[in-house]
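J.: Got a structure here, written out as structure tokens. Questions coming.
There are 2 protein chains.
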Amino acid sequence: MSNLEQVRVASRSAETTRAALIKAATSVFAEYGYDGGSVRLITQRAMANQAAVNYHFGGKDGLYREVLIAATLAFEENAFLDPEELDALSPEDALRRYLHQFLLPLVKRDRVSRFLRIFAWESVRPSEVFSAFIANSPPRIFRLAERVVRRFLPQDASAETVTFAMLWLAQQPMFFVRDAERLAQPPFSLKFDEDALERLVDTLAGLSLRGLAGV
Amino acid sequence: MSNLEQVRVASRSAETTRAALIKAATSVFAEYGYDGGSVRLITQRAMANQAAVNYHFGGKDGLYREVLIAATLAFEENAFLDPEELDALSPEDALRRYLHQFLLPLVKRDRVSRFLRIFAWESVRPSEVFSAFIANSPPRIFRLAERVVRRFLPQDASAETVTFAMLWLAQQPMFFVRDAERLAQPPFSLKFDEDALERLVDTLAGLSLRGLAGV
DNA sequence: ATTCGCTTCAAACGAGCGTTTGAATTTCAA
DNA sequence: TTGAAATTCAAACGCTCGTTTGAAGCGAAT
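Taken in sequence, the protein lines are chains A and B.
Just so you know, the first sequence maps onto residues 1 to 215 in the working numbering.
Just so you know, the second sequence maps onto residues 1001 to 1215 in the working numbering.
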């Protein structure tokens, strides 16, 4: 019991640096992706020593794994876009809600938005860490997209068609979230305030829903 | 005149390595993107010395610029999806043709496909070279997408709406081209032969044209 | 045959990366 | 207070990257 006590208390200050590292890593990876985010920048933002990453997490990949776990927990617990919530809506509203949730990072800079940005990075070129992480359970993002898409497709749609449509839908908000900074520059110069976000959701939902022909 | 002769003949062997470097760079950048493609791999494939890149092109960026020029020329000269050709078609056929052309790299491994792959990479995270390169004239890919989209949108559509829709359309084939190898792996396991390509074009065109609601 | 300019080459440079090292420091039970 | 374990720290290691260097090779004109 003195043993337990020792471990718990000793890890208290360590827990501080661990938490600081995870927080800093979340923002760095959201900004630059896994490959682009350097350990030096992370430890600098966390005001920790470079070696701390390897000491506490065994390496950069271990730290990233911890971030992914935190992201997964945040999505699961936070009731961020419940699957059942989606089913309760009409297909059209479900689609709109889906797009809106995943485009929120355009105007918000909170923790969940950073997690979404990380997933947006991974949707481009998944790191080995991420691939191994989702190997067991496919990420909620894909499951949600599939759920939304299935509402629209006929029951007898082939698995391939469902996959095509799911990827098609999942990819749409990712692009805008990932490249928000670039789209803010010329020649596009898209600044996203809340109104612009609503218009983007409207446009994407309109395109997806009614199709180009119907606009 | 003896001077000219000398220059011409002397540069003949140099022209060989230049061409080999550009060709190798095209395939390497198509595979790994600009940042991910290393000079060492390029010179290795071109069977040239590492220093050759700097000698002939002033650096990795100069070589890449040359590849981009070659790509632009290939698109312009090759009559690859002429704007006027698009206008001659119905909006629906123009959309289908657009998607088909840009998804061709899924089944073809020719020169134009490699250029398309490079543009797919740049659509994710543009290199500084690329940004500077397109600063003067926006790339044909975007102009084509805008042209297709305009056929569907009302005349009085706002510039923002047109931009949203254009990005939305341009992004769709890019994703599949860029991530073809990944999509071939589990859990997706999408192998693209010519039939699968046709089905993908059908699905995307259907989604875009009639919208999810109409499928 | 010699010279000169263009091209190639092996080697090294310097910077950034993730990681390792070993000593210094802190922490806390005894 | 003491001693051992946990944690922090500055420094360096080993690697890859794009680039530079200076000598060697080469072809054509003198």
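Built from N, CA and C at the ideal position, the CB exists for glycine as well.
Under 6 Å Cβ to Cβ from P105/A, same chain only, skipping five residues before and after it: list those, please.
T.: S113, L116, R117 and V177, listed in sequence order.
J.: Output yes or no for whether 9 Å exceeds the beta carbon distance between I1042/B and A1025/B.
T.: In this structure, A1025/B lies closer than 9 Å to I1042/B by Cβ.
J.: Verify the CB distance criterion: does A1165/B have a CB-CB separation below 9 Å to chain A?
T.: At least one chain A Cβ lies under 9 Å of A1165/B.
J.: Tell me the rounded alpha-carbon separation between T163/A and R1182/B.
T.: Cα to Cα, T163/A sits roughly 14 Å from R1182/B.
J.: Between the alpha carbons of K191/A and A1048/B, how many angstroms are there, rounded?
T.: The straight-line gap from Cα to Cα measures roughly 46 Å.
J.: Do you know how far the Cα of R1150/B is from the Cα of F1075/B?
T.: Whole-angstrom Cα-Cα distance: 21 Å.
J.: With 9 Å as the threshold, decide whether the Cβ of F1029/B is near any Cβ in chain A.
T.: No, F1029/B lies away from the interface with chain A (no Cβ there is under 9 Å from its Cβ).
J.: For F1119/B, which of helix, strand or coil comes out of DSSP?
T.: Here F1119/B sits in helix by DSSP.
J.: If you drop the 5 nearest sequence neighbours on each side, which residues of the same chain put their C-beta closer than 8 Å to that of P1083/B?
T.: Counting only Cβ-Cβ distances below 8 Å, and skipping sequence neighbours, we find R1143, L1144 and R1147.
J.: By the 10 Å Cβ neighbour count, where 16 or more other Cβ atoms means buried, how is A120/A classified, buried or exposed?
T.: Buried is the call here.
J.: Figure out for me which residue from L73/A, F175/A, I22/A and E198/A has the closest Cα to the Cα of L63/A.
T.: Minimum Cα distance to L63/A is reached at I22/A.
J.: Measure the Cβ-Cβ separation of F1133/B and R1065/B and say whether it is below 9 Å.
T.: In this structure, R1065/B lies closer than 9 Å to F1133/B by Cβ.
J.: Can you tell me whether DSSP reads P1186/B as helix, strand or coil?
T.: Of the three classes helix, strand and coil, the one that applies to P1186/B here is coil, per DSSP.
J.: Of all the CB atoms in chain B, is at least one closer than 9 Å to the CB of F119/A?
T.: So no, F119/A is outside the interface.
J.: Determine, using beta carbons only, whether R1182/B comes closer than 9 Å to chain A.
T.: True, the Cβ-Cβ gap to chain A drops below 9 Å.
J.: With a Cβ-Cβ cutoff of 9 Å, do L73/A and L169/A count as a contact?
T.: It is not a contact, given that the beta carbons lie outside the stated cut-off.
J.: In whole angstroms, what is the alpha-carbon distance linking D1193/B and V1107/B?
T.: About 6 Å.
J.: Counting C-beta neighbours from all protein chains within 10 Å, is the total for R40/A 16 or more, i.e. buried, or is it exposed?
T.: Counting Cβ neighbours within 10 Å, R40/A comes out exposed, since fewer than 16 surround it.
J.: Using Cβ-Cβ distances below 9 Å, what residues of the segment 144-168 of chain A are close to chain B?
T.: For the segment 144-168 of chain A, which is checked against every Cβ of chain B, the residues closer than 9 Å are V148, V149, R151, F152, L153, P154, A157, S158, E160, T161, T163, F164, A165, L167 and W168.
J.: For R125/A and L1089/B, I'd like the C-alpha separation in whole angstroms.
T.: R125/A and L1089/B: Cα-Cα distance of roughly 36 Å.
J.: Taking the alpha carbon of F152/A as the point to measure from, which residue in P186/A, V201/A and A165/A has its own alpha carbon closest?
T.: The candidate whose alpha carbon is nearest that of F152/A is A165/A.
J.: Check this for me: beta carbons of S123/A and I141/A, under 9 Å apart or not?
T.: Contact flag set, yes.
J.: Looking only at C-alpha atoms, which of Q1101/B, P1186/B, Y1034/B and L1167/B sits nearest to D179/A?
T.: That would be L1167/B, whose Cα lies nearest to the Cα of D179/A.
J.: Taking 9 Å as the cut-off, decide whether the C-beta atoms of E1217/B and A1205/B are in contact.
T.: Residue coverage of chain B in this structure runs from 1001 to 1215, which leaves residue 1217/B outside it and unanswerable.
J.: Which chain B residues sit within Cβ distance under 8 Å of P139/A?
T.: The premise fails here: P139/A is roughly 11 Å from chain B at the closest Cβ pair, so nothing lies under 8 Å.
J.: So is T1161/B buried or exposed if we call it buried at 16+ other beta carbons inside 10 Å?
T.: Burial call: buried.
J.: Let's see if you can read the secondary structure: which residues bound the alpha helix (DSSP H) around V53/A?
T.: It spans A51 to F57 - the alpha helix (DSSP H) in which V53/A sits, taken as one unbroken run.
J.: Just the chain B side, please: which residues come within less than 7 Å of F75/A by C-beta, in chain order?
T.: Correct list: empty, because the minimum Cβ distance to chain B is about 19 Å.
J.: Under three-state DSSP, which class holds L1169/B?
T.: Correct three-state label for L1169/B: helix.
J.: How many Å lie between L68/A and A159/A at the Cα?
T.: Each residue's Cα considered, the two are about 28 Å apart.
J.: What three-state label does DSSP hand M1174/B in the structure shown?
T.: It is helical.
J.: Output needed for Q1050/B: all residues of its chain with C-beta closer than 7 Å, excluding positions within five of it in sequence on either side, in chain order.
T.: Around Q1050/B: V1039, R1040 and T1043.
J.: Using a Cβ-Cβ distance under 9 Å, would L86/A count as near chain B?
T.: It does not: the Cβ of L86/A has no partner Cβ on chain B nearer than 9 Å.
J.: From P1187/B to F130/A, what distance separates their C-alpha atoms?
T.: The alpha-carbon atoms of P1187/B and F130/A are separated by roughly 13 Å.
J.: If you scan the segment 1134-1159 of chain B from start to end, which runs of the alpha helix (DSSP H) of 4 or more residues do you find wholly inside it?
T.: Fully enclosed alpha helix (DSSP H) runs of 4 or longer: 1140-1152.
J.: If we define contact as Cβ-Cβ less than 9 Å, is L1207/B a contact residue for chain A?
T.: By this cut-off, L1207/B is an interface position.
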